[in-house]
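Student: Numbering of the sequence shown is given in the numbering used here, commencing with residue 202 and proceeding in unit increments.
Glycine included, each C-beta is placed from N, C-alpha and C at the ideal position.
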Amino acid sequence: MKLHLTLAALTALLLFVSLRYSPGHAFSFAQVERLAAKQAEEKFVPLRDALPPQLRNLTPQQENGIFWKDSYRLWRDKGLPFQVDFYHLSRQFPSGPRINTVDRHGAHPLAYSPAFFNFLNLDLRPPLPANLPFAGFYLRYPINKADSLDGFFSVLGSSYFRALAKEQVYGLTARGLAIDTALDGKAEEYPSFTEWWLRRPASNATDQTLYALLDSPSVSGAYEFRIRPGASTSVDVHAVLYFRKAVERIGLAPFSSMYLYGENSGDHFGDTIHPEVHDSDGVLVHSGNGDWIWRPLQATPFLQQYDFAETDPKGFGLLQRDRDFQHYQDLDTKYNVRPSAWVTPHGNWGKGSIALVQLPTNNTDTDNVVLSWRPERVPAKGDRLEFNYTVDFYMNDAERPSLAYAMATHFNSPAPPPPNAAPPRTPESPKPATLPSPSNGTVPVQFLVDFKGNGIEDIPPDSPPSIDCDASPSGTLITNGKVDKNGYDGSWRISFTVTPLRHNVPTELRCRLLRDGKPLTETWTYTWHQ
């Protein structure tokens, strides 16, 4: 019996080593997938809290002073175009994944050492142990200048990863998978990348390959990332998921971002300096039927959910469309150069929805926006789900959309009266008149939507495009619609007044410009709450 147990343990150990490291043999995504399949048959074990006692009472300033030494940068000694720095454990990130490197001889575990990090003047006694994990890592590449290796791809916490295009700063975050997001009475489940394999690049490489093992109570998964940095940084994602148990909701290709307020917000939280504060300002969808749909983000004191029902979408993204520094006035955060992110699905993704969740917030430290693809069919226990997509991180793209786009959304509430509807002012009525409220007590609101780009500026002011707007629920009134050319920048402005049907019923709005009956602009959509 004792011999049998010993042989079983040895067999398990050999299988563990062969799957993870394949010593002397080529390593591939297939091995990560086999690991994920095997892991799904086992009980979930979360990453352990490995933060040493010496680091548990540091101030944020002291934690920020811990950083990787340049001299130990991975692949620096080889002079390779991609090199890697690593994050140290901290109070916010007390656990971390296993890290391996991959070359033609197989996979090799990367060991931690305190000597790799600069701790500045911290008096760490006793010395830190040599068996700690790394919290995460970030890739470097000469993305901005040929003689400078700048960080452009970061992995830190759960299944989060971030990327930059040329001359950008970090903003929104991509995720490997979202589970049970925004369900009433149920906490969201956050899968984690528990192990990474970093493939050594060639001396002339322009792309970098990574593999990752994902794990959570409900699912195990294998991921492959092929990353191409540049003016637009592209990440090809190949994922295979194995479900330990059924879930109520999953989100594929998810993003998290921050939206505090913008030009369509009334509450600036007392900030009189910064006109807008956000990492992203809207959602763009390229529908399976070819339509382009734009939805500005909103700040409300309650949770908002909106689903773009789709079949085989061509693409979707969370954008930072406004690039004008004057609209942010922030030299430190540089919101005007934070990335937009666009997902291009590969293959048929079937029926589902592009799900937007917006949470209330009063600070910039909380990601309060989530966007993902939500399949109509939810995986069951024992299911295998494979999918592929490319996510592009970029500044601007004239083909997204290929039509004129909504550059700004403003509103007046209550709406001002039409010029010819205002009664003359007298000493007895010194205030300008407003539109009367309907019998249901709702207040009319005026919207102003500005469109520009892709040739719309060339349309002469005496030949305006036509307006196509509608609202729901049925019975909502749209009045005073008109379109005007902005003589300063060539853009076109739609203005109209909406009278909601009744209180506490969201009003859904859709509007676009047409030319000869064909779409000239993307379709602007909005939810008004009163």
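Since P561 contacts T501 with CB under 8 Å, what's their CB separation in whole angstroms?
Tutor: 6 Å
Student: Classify S272 as helix, strand or coil using the three-state DSSP reduction.
Tutor: helix
Student: Tell me whether R713 is buried or exposed, calling it buried when 16 or more other Cβ atoms sit within 10 Å of its Cβ.
Tutor: buried
Student: Do A454 and S360 have their beta-carbon atoms positioned less than 8 Å apart in this structure?
Tutor: no
Student: Out of G386, L384, S355 and E511, point me to the one whose CA is closest to R376's CA.
Tutor: S355
Student: Would you mind reading off the limits of the alpha helix (DSSP H) that contains L236?
Tutor: F230 to A241
Student: Could you give the uninterrupted runs of the alpha helix (DSSP H) lying entirely in the segment 654 to 719, keeping only those of 4 residues or more?
Tutor: none
Student: The alpha helix (DSSP H) with Q263 in it runs from where to where?
Tutor: DSSP places Q263 inside the alpha helix (DSSP H), whose first and last residues are P261 to N265.
Student: In this structure, does DSSP put N537 in helix, strand or coil?
Tutor: helix
Student: At which residues does the beta strand (DSSP E) containing M608 begin and terminate?
Tutor: Y606 to N613
Student: Can you tell me the Cα-Cα spacing of I267 and T260, whole angstroms?
Tutor: 11 Å
Student: State the Cα-Cα distance for the pair W543 and G358, rounded to the nearest angstrom.
Tutor: 22 Å
Student: Within the same chain, show all residues whose beta-carbon is closer than 8 Å to that of T635, passing over the 5 residues directly before and after it, in chain order.
Tutor: Residue placement at T635 is flagged as unreliable, the pLDDT there being 43, under the threshold of 50; the coordinate-derived value follows with that caveat. Counting only Cβ-Cβ distances below 8 Å, and skipping sequence neighbours, we find P615, A616, P617 and P618.
Student: For V706, which of T724, T591 and Q505 has the nearest alpha-carbon?
Tutor: Shortest Cα-Cα distance from V706 to any of T724, T591 and Q505 involves Q505.
Student: Apart from the five residues just before and just after N301, which ones in its own chain have a Cβ nearer than 8 Å to its Cβ?
Tutor: R221, Y222, A308, H309, P310, L311, E396, W397, W398 and L399
Student: Compute the beta-carbon to beta-carbon distance between R524 and N537, rounded to the nearest angstrom, for a pair I have assumed lies under 8 Å.
Tutor: 5 Å
Student: Restricting to Cα atoms, I'd like to know which of L256, A605 and I380 is closest to G656.
Tutor: A605
Student: Residues in the same chain with beta-carbon distance under 6 Å from Q559, minus the five sequence neighbours each way, listed in chain order, please.
Tutor: For Q559, where only same-chain residues beyond five positions count, the Cβ hits under 6 Å are Q505 and V570.
Student: Give the C-beta separation of T382 and G483 to the nearest angstrom, bearing in mind that I take them to be a contact with Cβ-Cβ under 8 Å.
Tutor: About 19 Å separates the two Cβ atoms, so there is no contact after all.
Student: Less than 8 Å between the C-beta atoms of H487 and P514, yes or no?
Tutor: Yes, Cβ-Cβ distance for H487 and P514 is below 8 Å.
Student: What did DSSP end up calling H487 once you bin it into helix, strand or coil?
Tutor: strand
Student: From which residue to which residue does the beta strand (DSSP E) around E511 run?
Tutor: Q505 to T512
Student: Just the C-alpha distance for A336 and S393, rounded to the nearest angstrom, thanks.
Tutor: 12 Å
Student: Taking DSSP as the reference, what is the three-state secondary structure of L256?
Tutor: helix
Student: Assuming Q647 and T698 make a contact with CB atoms under 8 Å, what is their CB distance in whole Å?
Tutor: About 5 Å separates the two Cβ atoms, so the contact holds.
Student: If you draw a straight line from the alpha carbon of F245 to that of S417, how long is it in whole angstroms?
Tutor: 7 Å
Student: Under 8 Å: do the segment 346 to 354 and the segment 325 to 336 share three or more Cβ pairs, one atom per stretch?
Tutor: As far as the Cβ criterion goes, the segment 346 to 354 does not touch the segment 325 to 336, which means the pair count is below three.
Student: On the three-pair Cβ rule with 8 Å, is the segment 432 to 441 touching the segment 586 to 595?
Tutor: Touching, yes, given that three or more Cβ pairs across the two stretches are closer than 8 Å.
Student: If you draw a straight line from the alpha carbon of Q391 to that of I380, how long is it in whole angstroms?
Tutor: Checking the displayed sequence, the identity of residue 391 turns out to be Tyr instead of Gln. Going from the Cα of Y391 to the Cα of I380 covers about 7 Å.
Student: Suppose the cutoff is 6 Å on Cβ atoms and the five residues either side in sequence are ignored; what does the same chain contact list for D669 look like?
Tutor: Excluding positions up to five away in sequence, the list reads R713 and L715.
Student: Got a sec? Which residues, its chain only, sit under 7 Å from K535 by beta carbon, not counting five neighbours each side?
Tutor: V370
Student: Among residues of its own chain, excluding the 5 on either side of N465, which ones have a beta-carbon nearer than 7 Å to its beta-carbon?
Tutor: Excluding residues within five positions, the ones whose Cβ falls inside 7 Å are P497, Q499, T610, H611 and F612.
Student: Round the Cβ separation of V448 and S419 to the nearest angstrom and send it over; I've been treating them as touching at under 8 Å.
Tutor: That belief holds up - the Cβ atoms of V448 and S419 are roughly 5 Å apart, short of 8 Å.
Student: Using the C-alpha atoms, what's the distance from G551 back to W495?
Tutor: 21 Å
Student: Taking its Cβ as the centre, do 16 or more other Cβ atoms sit within 10 Å of D533, making it buried, or is it exposed?
Tutor: The Cβ neighbour count for D533, taken over all protein chains shown within 10 Å, is under 16; the residue is labelled exposed.
Student: Evaluate T726 with the Cβ neighbour count: other Cβ atoms within 10 Å of its Cβ, from every protein chain shown; 16 or more gives buried, anything less gives exposed.
Tutor: Counting other Cβ atoms within 10 Å of its Cβ, T726 reaches 16 or more and is therefore classed as buried.
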